[in-house]
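K.L.:
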Amino acid sequence: MTNFSALTVAEAEQKLADVDIDASGSVITSAMAAGSLIKHGERVFVCAGPGVVEAVEVAGGVCVDGDDEIDVVVVGFHTTFDFAEMAAAAHALHNGARLIATNTDPTYPTPDRLLPGNGALVAGIATAGKVQPIVAGKPHEPVAALIHHRLGTTAGDAQNFARHVMVGDLPATDGALARLLGFEFAFVESGVTTVEQAMSGDPKPDCVSPDLATLVAQRLR
Ligand SMILES: [Mg+2]
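Per my numbering, the sequence shown starts with residue 4, numbered consecutively.
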């Protein structure tokens, strides 16, 4: 499950295939979570990448331009964000459109620095539009519902913790989603958070592993 919404499902699967992980049919993105909130026939202004366009169309939504009638504005990470787009989105929100954010991660990590994340784009549009966003991805309810549906699990089932592990590098998103799902939270040290930060974060990890491969090897032993 990724909060990165810009890639189509096939592109996300290919990224994993490139490191020898067959994830076909298993990927869930925050774009899919946003798409699950779109009703058939709604006119959607997509301030986001190709992954959101795909998810909106799968849901039966119609992607429209900023100067058309708009029922929903969906904001996801993209690097072509500009003032004209923000102005069109804000105008639609003033006229009653819903605001859906794929995710509100404040930053987007790259090898040499942290870039502004989708949370920064959403904050600008929500401020100008004078509304609060509905957030679809980690650690919020829409993606939890998609995960339960995909795994066949049920919210509140006491067996969830013993049977399912949410693996991630950020307590605020991965850990909080684990808690919402009732799953174990396995923290991996291979991401953007140190184990010291994770242990003083909220929620605290149930398990710490150097990386995903080690965790899987331990669990399958
Ligand atoms: Mg991560």
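Note that CB positions come from ideal geometry on N, CA and C, so glycine has one too.
Tell me, to the nearest whole angstrom, how far the beta carbon of H167 is from that of L154; I am working on the premise that it is less than 8 Å.
P.N.:
Yes, H167 and L154 are in contact; Cβ-Cβ is about 7 Å, under 8 Å.
K.L.:
Within the segment 49 to 79, note down every full beta strand (DSSP E) run reaching 3 residues or more, in order along the chain.
P.N.:
75 to 78, all fully within the segment 49 to 79.
K.L.:
What is the DSSP secondary structure of R182, counted as helix, strand or coil?
P.N.:
If DSSP states are grouped into helix, strand and coil, R182 belongs with the helices.
K.L.:
Taking a cut-off of 6 Å, which residues have a beta-carbon closer than that to any heavy atom of ligand 2, in chain order?
P.N.:
Ligand 2 is not part of the structure shown, which contains ligand 1 as its ligands.
K.L.:
Only counting the same chain, and skipping five residues up and downstream in sequence, which positions put a Cβ closer than 7 Å to that of P206?
P.N.:
Within the same chain, P206 has close Cβ partners P174, G178, A179, R182 and F188.
K.L.:
Counting Cβ pairs closer than 8 Å, one from the segment 125 to 139 and one from the segment 85 to 99, do we hit at least three?
P.N.:
Yes, since at least three Cβ pairs between the segment 125 to 139 and the segment 85 to 99 fall closer than 8 Å, the two stretches touch.
K.L.:
When you compare only the Cα positions, how much space is there between A37 and M202?
P.N.:
Those two C-alpha atoms are separated by around 31 Å.
K.L.:
Can you tell me whether A20 is helix, strand or coil according to DSSP?
P.N.:
A20 falls in the helix class under three-state DSSP.
K.L.:
Consult DSSP for A15 and reduce its assignment to one of helix, strand or coil.
P.N.:
A15: helix per DSSP, three-state reduction.
K.L.:
Between which two residues does the beta strand (DSSP E) containing L102 stretch?
P.N.:
From DSSP, the beta strand (DSSP E) with L102 extends over R101 to A104.
K.L.:
Drop a sphere of 10 angstroms on the beta-carbon of G79, count the other beta-carbons inside from all chains shown, and report buried for 16 or more, exposed for fewer.
P.N.:
Buried, by the Cβ-count rule.
K.L.:
Where does the unbroken alpha helix (DSSP H) through S33 begin, and where does it stop?
P.N.:
Where S33 is concerned, the enclosing alpha helix (DSSP H) stretches over S33 to G38.
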